[in-house]
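Working notes for the structure below.
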Amino acid sequence: SKETCWILLHGYTATPEEMKELALKINKEKNQQVNVLRLEGHGEVPSHLYNKSINNWYAQVNTEYENMKVECKKINIVGSSMSSVIALRLAEEKELNKVYLLNPFFYPEKKWFKLPYFLLFIHASF
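Here is the structure:
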């Protein structure tokens with residue numbers, strides 16, 4: 020179905036294989052088109068990542084979005100880990116139906132979070 024389409028983005032140093040199970044489940048249960056990108060430099064030798072940045076990958080995802088928008092009425096995006104940042108940036112700049120973040124990678128500016136998190140971890144360990 021081209022009513023709702025999906026873009027799935029894998030994490031840093033990962034490959035589309037990481038998103039395969041989710042992609043198949045969405046396609047089977049919702050009968051919706053799912054595209055899983057291989058971000059440039061990933062799935063190759065590690066040195067291919069040296070000259071890549073989040074801007075390269077965002078441009079790649081933006082192009083995918085623009086191509087998809089021609090055929091799809093609504094677009095959902097799923098970002099895993101580092102790709103969560105790419106998904107959020109796309110959501111700021113484009114019209115997306117839904118945004119899903121899997122184990123997002125964020126670096127909080129405030130340092131107060133460390134103590135409660137540490138205490139929570141200790142409490143959960145016992």
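Numbered by our numbering, the letters in the sequence shown go through residues 20 to 145 in order. Think of the CB as a built atom: it goes at the ideal place given N, C-alpha and C, for glycine as much as any other residue.
From the DSSP output, which residues share a beta bridge with residue i?
i, result
"Val-53", "Trp-25"
"Tyr-119", "Val-97"
Where do the ends of the beta strand (DSSP E) carrying residue i lie?
i, result
"Asn-95", "93-99"
Check each candidate in the options and name the one with the smallest Cα separation from residue i.
i, options, result
"Lys-93", "Pro-35, Gln-52, Lys-47, Glu-37", "Gln-52"
"Asn-122", "Ala-106, Lys-71, Asn-116", "Ala-106"
"Arg-108", "Leu-56, Ile-73, Trp-25, Glu-37", "Ile-73"
"Thr-34", "Ser-102, Val-89, Val-118", "Ser-102"
"Lys-113", "Lys-88, Leu-43, Lys-39", "Lys-88"
"Leu-58", "Lys-39, Gly-30, Leu-41", "Gly-30"
"Ile-96", "Leu-56, Thr-32, Glu-40, Asn-70", "Leu-56"
"Met-38", "Lys-47, Leu-27, Glu-85", "Leu-27"
"Trp-25", "Glu-111, Lys-71, Ile-45, Ser-100", "Ile-45"
Alpha helix (DSSP H) containing residue i: first to last residue?
i, result
"Thr-82", "73-88"
"Glu-112", "102-112"
With a cut-off of 8 Å, do at least 3 Cβ pairs link the segment 78-86 to the segment 62-69?
Result no; under three Cβ-Cβ pairs closer than 8 Å.
Three Cβ pairs or more, each shorter than 8 Å: is that satisfied between the segment 41-52 and the segment 20-28?
Taking a contact to require three or more Cβ pairs closer than 8 Å, the segment 41-52 and the segment 20-28 qualify as touching.
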